[in-house]
Each structure stands twice: as structure tokens, then as C-alpha cells.
Amino acid sequence: MCLFGGVRYIDSPCPANVWRLDAGALPMISSMQINGIRLDCPFLHSLTSRILSRQSEIVSLVSSHIGAYQYSHPSHGLTPFSIGSRDHLSQLLFEHLQIQGHGPIEKTPTGKRYVVSEDSLAPFKCSHPIVPLIIEWHSIDKLRTTYTEPLPRLVDSDSRIHTHFNVTVAATGRLSSSSPNLQNIPIRTPLGREVRRAFIASPGCYLVSGDESQIEMRWAAHGSRDPIMIEVFNRGEDIHAKTACGVFGRDYNDVMSWDQNSEKFKRWKKEERAPSKNLGFGVLYGLTAEGLQRNILTESEGEIYWPVEKCQTFINQFFTMYPALRELMETQYRRARRYGMVWDAFGRVRLVPEAKSCHRKISNEGERKAGNHYEQSSAQGTVKLAMAQMSPVVEDIAKSYKCLSLLQIHDQLIFDVDKRIAEEFSMILQGELEHASPLVVPTLSSRDIAETWVDL
DNA sequence: CCACGTACACCC
DNA sequence: AAACGGGTGTACGTGG
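Here the first sequence stands for residues 321 to 776, numbered as in this note's numbering.
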């Protein structure tokens, strides 16, 4: 079976095939770097101002609570308290104020001080009024110093911002983006998401995006030929909902018949589907029972405690449900131990020499890297094929309309397209994403059209 | 002043 | 006993 540019599926290391695959995507990668994406700088400046005034407000609130407290430096004596310093926070909260909460007080791996990350402080939110303020200060400080302040400084004379896509950095063949990194623009929190409002289409254009849906899971289904996974995707069912039903003993069709707006359904989604979704990702990443426990603990802000045994059972049930997936992963572990390498569906090799180590900790690390390579690397292959297919389409449309390739964010492609042709373009894009590399299951993708990135 | 490691936070 | 895959950027602290 031959795909675009002579690329084929091959279950053995094949650098020549990978070379063809990567070469096909390069023209579009190059265009993306040259084109750049238009940035609304005044908007980012206003975000910066909002953040700065809230930060100074928080600093005065905190000072009013801690009075004359000063940080006691190990060698420099008393120094003014700085809210940005983790050392200062550790001493203030856990030594000076000695706050207590319903969670453990952890030390950093080096044992130098207590952990003051947002995750670790969450169980102490109610212990002292300054704790939530400190968490808020740090979260908005991140947005300001990483996004709202630096980005406007990097635009060209057309107000466009150009990233570098590195093609030889990620071991799985993914692209990485730097100077600036446009693959980690915030989306999770409402304020963070606002940063996306600054990425806008050219005049007379829309941003058009195409998104591979569940592409790593579909590759897992393809590579393992797991009958249940294949059935789920063939029927167009929700894989995470299906997992939840299998693990918690419910009937899929029964759950799906519930009113989606009912409290019952929302509770099921939160308590059973969400953990199952985490489980699905986690399993692909070589999840351990302890890792899952930690994940659930932090995600519930210390409210839900699952014993390790329960987590292990939860993981085992996942593999009981999808037995062929376990076999695929064990094949990868075996290859990693035996050959010190694994490969994806296109023959892209990932070296994991540490998997051969006789130290369990080291070899487990190697196996975890190996375990995810097939899915992540093959998924990236799919997107690169779609980029290769789209290149001439973009070139052709660009003869009559404005049409620019902008960004690749792992399973998503973003373009800047004349409004008159955006709808048609998005249909073509969706088609290419869905048919660039056919699997034993359908490869669905979504498409979207909007004025700004936040609305995509 | 610079270089580096650590801790943390953001993304898929 | 046990840190779940792949990335980049920032601030802080230390040491040259």
C-alpha cells in the first residue's frame, strides 16, 4: 500500500521511508515559519495591564496579612519578602505561619525546601487567606511573563509573529516550536485562553483549523487490532465513555440514552467518564498505579483518595477490556528490552538503550518511552502526510485568494484563508486529514472557521 | 556579568 | 518503593 510520496506502512525500521515522510511535510513547515501568524498587540498590552494591576493588588493584600515578616536567608540574614520566590514562600507558609491542611507537606526532590507548586498548595487553600492569593499571583505571573509581555515584542512590521519549527528535536518525529513556542499557548483556564484572542486572521480572512480526533487512540486500535476498540470507532462511539462503562459495569446504550443535561449524566461524566479518560491516556503513557493515585489526588484537589490497590484494579480492568492493546504494548516492551529500540507504523525508530539496563528503575523508564512511541510517532506521521497532501492545494488556492499555512500543533493544522474560500478550504482540509493515512478504523477529524484562535 | 540547574507552568 | 509519553520558557538561586 503506497501513500503520498511513496511513503508506506512498514513493520520494521526504515529510515528511507521516514525520510520520504518528513520530506513531504517540509515545504509546508517552511511556509509556516515564513508566513507567521497575525497578532493583536494592543489586546495583549491590555491583558498585561490587567494582570499587573491585579498582581499589585494581591501583593498589598498579602502584606497586610503578614505584617513585618521578612525572609530569613541562610547566609544573608533578613531580607524583604518576595512573593515570587519559592524559598520565601516555603519559609513563610510552612515555617513562619505553620499552616495546616488536609494534605501532605512535601519536600522538593533535593530536600532543600517545601513544595509550593499550585498542586501542592491546593489542599491548604482554606488554611490561610493568603494561600489562594499566592496561587493566583503565580498563575497570572506565568501568563504575563511567558505570553502577554514577550509575544508583542516579537512581531514583524506586519504585526505577524514567526515561530521556528524544529524537525530534529522530538524523538517521536513530532515538531517542536520555539522562539516563540506557539504550541503551548494557554487554553485550560479562562484568563489563559484569552491569550488566544490575540491570534487573529489577516484582513478579509478567517482562521481555518483541522483537528485529528483521537488520533493516538485510533492508531492504538489499528496497531493492536483490538476488537472492542475497533468496534467502538467503527460505530462512532465515545471511547472514554465505553471504557467507563466497561470499568464501572454499566450498559453503554443505557448511559447514552440519559438526558445529557440531567444531573445524573453530569455526575456520571465527572465521576466515571473523566477518570476513565485519564486512564486511557495514562495507559498509553505507561501509567503506574501510584501515578494514577497521584493524578486522581491532585485533580480532585485532595478530595478523592483511591488506595493503590484500587488504582491497580482500575488499570487491570482497562486491559481486561482491551486485551489486544496490552499485547501491542508488551510487544513494544519486549522489542525495547531485546533490541534497545522500537519503531512506529512507518518504520520510524526510537532508540531506548536504557531498556536493556539491569536496573529496574532505568529499564522501566526505557520501556515507558518505548510503550508510547508507536501511537505518538504514527499519529505524527498521519499529520505529516496530511501536510504533504495539503501543500499543493494551498499553493493552488493561493494563486487566486489569500491562503497561508500558519501552525501545526501536533494533531491540528491552522491556516489563514480568504473568507470567500474558507468554507470550501476547510472541507478539503478535513478530507485530507481523514484520508491521508487510512487505518482499519475510520480517522475522523473536525474542522473550524473563526476570526480568532480562541474561537477555533 | 554569564551559565547552569531546579522548580514550576504551559501545550498535545 | 515506585515520576505516566512528547515538548519550551520563565524566575530564582548559586557559583564562576
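Just so you know, even glycine gets a beta-carbon here, dropped at the ideal spot from N, CA and C.
Note that the coordinates shown come from a computational prediction; the quantities given were computed from them, not determined experimentally.
N355 and V338 have their C-alpha atoms spaced approximately 26 Å apart. Under a 10 Å Cβ-count criterion, V515 is classified as buried, with 16 or more other Cβ atoms of the shown protein chains found around its own Cβ. Listed in chain order, the alpha helix (DSSP H) elements of length 4 or more contained wholly in the stretch 635-719 are 643-659 and 680-717.
Across the structure, L645 and K586 are spaced so that their CA atoms are roughly 29 Å apart. A straight-line Cα-Cα distance of about 12 Å links R464 and E456. For the pair of segments examined, the stretch 496-506 was found not to touch the stretch 324-332: the number of CB pairs separated by less than 8 Å stays below three. A residue is called buried once 16 or more other Cβ atoms fall within 10 Å of its Cβ, and R614, having fewer, is exposed.
Three or more beta-carbon pairs separated by less than 8 Å are not found between the stretch 635-642 and the stretch 671-683, which leaves the two stretches without contact. Here the C-alpha atom of L671 lies approximately 44 Å from the C-alpha atom of V451. Taking 7 Å as the cut-off, the Cβ atoms of L471 and I378 do not count as close.
Put simply, the backbone Cα of R555 is about 15 Å away from that of D571.
Under DSSP, I559 takes part in no beta bridge, so it has no partner. Counting only the Cα atoms, D439 lies some 11 Å from P424. A residue is called buried when at least 16 other Cβ atoms come within 10 angstroms of its Cβ; C446 does not meet this threshold and is exposed.
Relative to R374, the option among L412, D461 and L323 whose CA is nearest is D461. Contact check between the stretch 473-491 and the stretch 706-716: fewer than three CB pairs, one atom from each, fall below 8 Å, which does not count as touching. Ranked by Cα distance from S529, the first of S757, Q750, R668 and L617 is Q750.
Excluding residues up to 5 positions away in sequence, A518 and I520 lie with their Cβ nearer than 6 Å to the Cβ of D360 in the same chain.
Y694 sits away from G493, with the two beta carbons spaced by 7 Å or more. Ranked by Cα distance from L372, the options E469, V575, N581 and K427 are led by E469. If you ignore the 5 residues before and after T509, its C-beta comes within less than 8 Å of the C-beta of S459, all in its own chain and listed in chain order. Note on the stretch 387-416: whole alpha helix (DSSP H) runs with a minimum of 4 residues are 406-411, in chain order. Cβ contact annotation for F324 (same chain, cutoff 8 Å, sequence separation greater than five): G344, L705, A708, Q709 and A756, in chain order. Under the three-state reduction of DSSP, L607 is assigned to coil, being neither helix nor strand.
Listed as beta-bridge partners of S529 by DSSP are I734 and D768. Within 10 angstroms of the beta-carbon of A388 lie fewer than 16 other beta-carbons, which makes it exposed. Our two residues, V703 and G691, have alpha carbons roughly 20 Å apart in a direct line. R480 is positioned such that its CB atom lies closer than 7 Å to that of R358. It is roughly 12 Å from the alpha-carbon of F601 to the alpha-carbon of R538. Closest in C-alpha terms to L617, from the list A665, S376 and N598, comes N598. When DSSP states are grouped into helix, strand and coil, Q613 belongs to the helix group. The alpha carbon of M661 has as its nearest neighbour, out of R688, I635 and Q637, the alpha carbon of R688.
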